[in-house]
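With positions in the sequence shown counted from 1, the corresponding number in this note's numbering is that position plus 11. All C-beta atoms in this analysis are idealised placements derived from N, C-alpha and C, irrespective of residue type, glycine included. First comes the structure, then the notes that go with it.
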Amino acid sequence: MNEFKSESYAKCIIAGEHSVLRGHSALVVPVKSRALKAHWSLDDKSLELEFSGKYGRELSLIFGGALDQACKNLGIKRNKLKGKWRLENEIQLGGGLGASAAICVTIARYFVSIACLKESEVYKFSQELEDLFHGESSGVDIAASMNKQPIQFARNESPQKLEVCWNPHLYLSYSGHKGLTSECVEQVKNFILEKPERARELDGKMQESVEMATRSLGLGERLGFQQLKTSLDIANSCFEEWGLIDSQMREEMNRLKSMGASAIKPTGSGRGGYILSLWGEAQSLADKSFIPLDMV
């Protein structure tokens, strides 16, 4: 019996959301404490799926549909798949942490293990499969899910792994409700149609935010903190103009600000999901409301 394992990570975009779809870059960090772990044993029995983990039930509701689409893309009949597949999911779906990308990467790796896909084809296959969830995938979430360190990503380019010389106090916290990526992408597209010149300016601002954040991580805390704060403020202002910060999300952002956060922005598509915050010192994790980002 052949056995295989896979671990696909959640992601946090520091800056570059939405504009990455139009060829600009994004700075993205894998969230290694939130992962989709898979173990499959290959035998001659019909495929059996077993789900566990905090968000295992959520995963079970959509995994079959994604697997069906993957089979269709490969020209394979689902009932021909064999073995037992155990999936432990700790990534919340609809939170903007790249759960759909982790699912697609996991499925792609399964097909590599049964010789229906080459390892070199995992990224492209996963990106095409992710279109099922978002309508249009930039590939940034896929790249983060497959990497163990921060990367700078741009479409049609190889991800650049970043050398980070300090570990800023960055945390993720839940806004209280899920966001829908496809709706947010459509809203930005409508903004572009209505205000094309301003839309180009916002893409430029978001690119500036990415470049500033990337520089800040190589400067060390003393010089880098203020640059990182400014970067997040710029990125947040883009979300504001796109109309992607709803009242419930704003309420949580205001709460974080009142607690002493230095900078706050949505991460992911916006209008729900998770919020990224920068702090001057480490925060208590006793209430489990914060997910720390490990940058080094």
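By the beta-carbon neighbour count (other beta carbons within 10 angstroms, threshold 16), Gln237 is exposed. For Met217, same chain residues with a beta-carbon under 8 angstroms away, outside a window of 5 residues either side, are Ala26, Gly27, Glu28, His29, Ser30, His35, Ile245, Ala246 and Cys249 in chain order.
Under the DSSP assignment, Lys159 falls outside any alpha helix (DSSP H); it carries neither an H nor an E label. With contacts defined as CB atoms closer than 9 angstroms, Ser17 and Lys48 qualify as a contacting pair. For Val39, the closest C-alpha among the options Ala224, Glu262, Arg120 and Ala274 is that of Ala224. The region 178-188 and the region 162-170 do not touch, with fewer than 3 CB-CB distances between them shorter than 8 angstroms. Scanning Gly109, Glu59 and Phe62 for the CA closest to the CA of Cys23 turns up Gly109. Beta-bridge annotation (DSSP): Ala272 is not paired with any residue.
Approximately 7 angstroms separates the beta-carbon atoms of Arg89 and Leu78; this is inside 8 angstroms, confirming the contact.
Fully enclosed beta strand (DSSP E) runs of no fewer than 3 residues are not present anywhere in the region 216-274. Beta-bridge annotation (DSSP): Ala210 is not paired with any residue.
Across the structure, Thr278 and Glu132 are spaced so that their CA atoms are roughly 28 angstroms apart.
The secondary-structure analysis by DSSP pairs Val42 across a beta bridge with Ala21. The continuous alpha helix (DSSP H) containing Lys135 extends over residues Val133 to His145. By the Cβ rule, the region 122-130 does not count as touching the region 57-67, because fewer than three pairs are nearer than 8 angstroms.
Boundaries of the alpha helix (DSSP H) around Tyr121: Ala110 to Ser124. Under the Cβ criterion (8 angstroms, minimum of three pairs), the region 193-212 does not count as touching the region 259-275.
Taking the Cβ atoms as the reference, Ala81 lies roughly 5 angstroms from Ile118, within the contact range of under 8 angstroms. Distance from the CA atom of Asn13 to the CA atom of Leu140, rounded to whole angstroms, is 26 angstroms.
Comparing C-alpha distances from Ser19 to each of Glu263, Ser137 and Lys276 shows the shortest one belongs to Ser137.
A straight line joining the alpha-carbon of Trp51 with that of Ser71 spans about 16 angstroms. Excluding its 5 nearest sequence neighbours in each direction, Leu267 has C-beta neighbours in its own chain below 6 angstroms: Ile275 and Ser288, listed in chain order. For the options Met264, Thr241 and Thr192, the alpha carbon positioned closest to that of Glu222 is the one of Thr241. In this structure, DSSP gives Asn100 an extended state, which the three-state scheme calls strand.
In this structure, the beta-carbon distance from Glu232 to Trp290 does not fall below 9 angstroms.
Pro41 is the residue among Leu98, Ser149, Ile114 and Pro41 whose C-alpha sits nearest the C-alpha of Leu304.
By the beta-carbon neighbour count (other beta carbons within 10 angstroms, threshold 16), Pro161 is buried. Assignment of Ala26 by DSSP, reduced to helix, strand and coil, places it in the strand class. Of the candidates Ala37, Glu101, Arg33 and Lys83, Glu101 places its Cα closest to the Cα of Phe62. Residue pairing from DSSP places His180 in a beta bridge opposite Trp290.
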